[in-house]
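Q:
There are 2 protein chains.
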Amino acid sequence: MPSISMHSASVPLFQKQLGAMLAWLDKAEAHAQARGFSPDNYLQLRLAPDMLPFVSQIRIAGDTAKGCVARLAGEEPPKFDDDETTFAQLRGRIQKTLDYIGSVPAAAIDGSESREIVLPMRHRDPLRFTGEVYLRHWALPNFYFHVTTAYALLRHAGVALGKGDYLAMG
Amino acid sequence: MPSISMHSASVPLFQKQLGAMLAWLDKAEAHAQARGFSPDNYLQLRLAPDMLPFVSQIRIAGDTAKGCVARLAGEEPPKFDDDETTFAQLRGRIQKTLDYIGSVPAAAIDGSESREIVLPMRHRDPLRFTGEVYLRHWALPNFYFHVTTAYALLRHAGVALGKGDYLAMG
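Protein sequence lines correspond, in order, to chains A and B.
Numbering of the first sequence is given in my numbering, commencing with residue 57 and proceeding in unit increments.
Numbering of the second sequence is given in my numbering, commencing with residue 57 and proceeding in unit increments.
1. Exposed or buried, which one is A:Lys219 when buried takes at least 16 other CB atoms within 10 Å?
2. Quick one: which unbroken beta strand (DSSP E) runs of 3-plus residues sit fully inside the region 148-220 of chain B? Chain order, please.
3. Quick one: list the residues of chain B neighbouring A:Thr204, beta-carbon separation under 7 Å, in chain order.
4. Assign B:Met77 to buried or exposed, taking buried as 16 or more other Cβ atoms, counted over all protein chains shown, within 10 Å of its Cβ.
5. Taking 8 Å as the threshold, find out whether the region 208-218 of chain A comes into contact with the region 79-94 of chain B through three or more Cβ pairs.
6. For B:Thr142 and B:Leu99, what's the separation of their Cα atoms in angstroms?
7. Please confirm if B:Ala126 has its CB atom under 8 Å from at least one CB of chain A.
8. Determine the chain B residues that contact A:Ala65 at a beta-carbon separation under 7 Å, and present them in chain order.
9. Which one of A:Gly167, A:Ala206, A:Lys83, A:Lys135 has the shortest CA to CA distance from A:Thr186?
10. Roughly how many whole angstroms lie between the Cα atoms of A:Glu188 and B:Ala206?
11. Taking the CB atoms as reference points, tell me whether B:Val67 and B:Ile173 lie closer together than 8 Å.
12. Can you name the residues of chain A whose CB is closer than 8 Å to the CB of B:Tyr222?
13. Distance, Cα to Cα, A:Tyr190 vs A:Gly123?
14. Taking its Cβ as the centre, do 16 or more other Cβ atoms sit within 10 Å of B:Pro58, making it buried, or is it exposed?
15. Given a cut-off of 8 Å on the beta-carbon distance, is the pair A:His193 and A:Ala117 in contact?
16. Taking the Cβ atom as the reference point for each residue, do B:Ile157 and B:Val125 lie within a distance shorter than 8 Å?
17. Can A:His193 be considered in contact with the ligand COA, in the sense that its beta carbon sits closer than 7 Å to one or more heavy atoms?
18. Pick from A:Asp221, A:Phe70, A:Ala208: whose alpha carbon is nearest that of B:Ala104?
19. Any beta carbon of chain A sitting closer than 8 Å to that of B:Met177?
20. Compare the beta carbon distance of B:Ile114 and B:Leu146 with 8 Å and say whether it is the shorter of the two.
21. State the Cα-Cα distance for the pair B:Asp96 and A:Pro95, rounded to the nearest angstrom.
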């Protein structure tokens, strides 16, 4: 009987959701074309003036996923430049993230429940977790936070997305 | 060595996040008092006219959590009436959800990876999953979706929440 593992509890969730986001971008682009504005205009939208803009929500969602996969596998997460200014570059960023995540073998992630994870912080001491606590109380809630905020920004901007798009239910 | 299990991958995430939401409600109530409006006014806020209001986001977040815990354990989820109209009732709803989730023994949930989960749908045939697929591609993404949308509504309304409140980092 297959049992839940650190790989099965992380990688397929990230892959499914990042794939869903690529489809949202298609719908957002079609909405922009129909309304006659550049899809690049989405990048700086914010839900509140002190929340991060759409471009950052997309970057951080992906960075949370790749950072999680890398750290659980004991690798250094690949560093991507935060320099996207166009919709096409945003799509490329998600695709690069998917490529990296798919490249890490399941066996490198499985068994990482007790691995020590050290997370560097900008303004405080690094956070230390076991692999499983890092996955469940840091990586997953952060990942879905940024994914859902990106979704909310597109909905707020009038893009016709629904729960089926969020869940990529087909 | 402790290893990830169906219980450890579900219940502690729900408990932590629902507890965090109770703390957001405290901050939202203080914000309402400082500005001189009733906190009950939050209940009908929406991010877009065709998105569900705050009260529904809170209900569905909790229902997703209790439904997941119940179904993985092979129980019928307890049914709560969707009749909250006040902030105090909303708090009670979250607390009732936490009480139920905490009452289900870990042993009833562990080992549910391959259990057949049948999810009744209002407008289509029921969805069928194995326990693990249900947890990772239905319950967790849905739960965080409604949690984050509730958070976004409070941020949009001017409540001074930050990422630390979302993650309940203390």
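Glycine included, each C-beta is placed from N, C-alpha and C at the ideal position.
A: So, from the data block:
1. For the purposes of this step, residue 219 of chain A is identified with residue 163 of the first sequence, where counting begins at 1. So A:Lys219 ends up on the exposed side.
2. 172-175, 183-186
3. Your numbering for residue 204 of chain A matches position 148 in the first sequence. Within chain B, the residues whose beta carbon sits less than 7 Å from that of A:Thr204 are Tyr200, Phe201, Thr204, Thr205, listed in sequence order.
4. Within the second sequence, the letter at position 21 stands for residue 77 of chain B. Answer is buried; the Cβ neighbour count reaches 16.
5. no
6. In the second sequence, counting from the first residue as 1, residue 142 of chain B sits at position 86. In the second sequence, counting from the first residue as 1, residue 99 of chain B sits at position 43. Those two C-alpha atoms are separated by around 8 Å.
7. By 1-based counting over the second sequence, the position of residue 126 of chain B is 70. It does not; no Cβ of chain A falls within 8 Å.
8. The residue labelled residue 65 of chain A in the question sits at position 9 within the first sequence. Under the 7 Å cutoff, chain B gives Ile60, Ala65, Arg192.
9. Within the first sequence, numbered from 1, the residue matching residue 186 of chain A stands at position 130. The residue with the shortest Cα to Cα distance from A:Thr186 is A:Gly167.
10. Along the first sequence, one-based indexing puts residue 188 of chain A at 132. Along the second sequence, one-based indexing puts residue 206 of chain B at 150. Each residue's alpha carbon lies about 26 Å from the other.
11. Residue numbering aside, residue 67 of chain B sits at position 11 when the second sequence is read from its first letter. Residue numbering aside, residue 173 of chain B sits at position 117 when the second sequence is read from its first letter. Cβ atoms of B:Val67 and B:Ile173: not closer than 8 Å.
12. Sequence index remark: in the second sequence, residue 222 of chain B carries index 166 (1-based). Going along chain A in sequence order, the residues near B:Tyr222 (Cβ under 8 Å) are Pro197, Phe201.
13. Here residue 190 of chain A refers to the residue found at position 134 of the first sequence. Here residue 123 of chain A refers to the residue found at position 67 of the first sequence. Rounded to whole angstroms, A:Tyr190 to A:Gly123 spans 11 Å at the Cα level.
14. Position 2 of the second sequence, counted from the start, is the residue given in the question as residue 58 of chain B. Counting Cβ neighbours within 10 Å, B:Pro58 comes out exposed, since fewer than 16 surround it.
15. Against the first sequence, residue 193 of chain A aligns to sequence position 137. Against the first sequence, residue 117 of chain A aligns to sequence position 61. Contact flag unset, no.
16. Residue numbering aside, residue 157 of chain B sits at position 101 when the second sequence is read from its first letter. Residue numbering aside, residue 125 of chain B sits at position 69 when the second sequence is read from its first letter. In this structure, B:Val125 lies closer than 8 Å to B:Ile157 by Cβ.
17. This structure simply doesn't include the ligand COA, nor any ligand for that matter.
18. The sequence position of residue 104 of chain B within the second sequence is 48, counting from 1. The candidate whose alpha carbon is nearest that of B:Ala104 is A:Ala208.
19. Position 121 of the second sequence, counting from 1, holds the residue named residue 177 of chain B. It does not: the Cβ of B:Met177 has no partner Cβ on chain A nearer than 8 Å.
20. Working through the second sequence from its first residue, we reach residue 114 of chain B at position 58. Working through the second sequence from its first residue, we reach residue 146 of chain B at position 90. Cβ atoms of B:Ile114 and B:Leu146: closer than 8 Å.
21. Residue 96 of chain B sits at position 40 when you count from the first residue of the second sequence. Residue 95 of chain A sits at position 39 when you count from the first residue of the first sequence. Those two C-alpha atoms are separated by around 37 Å.
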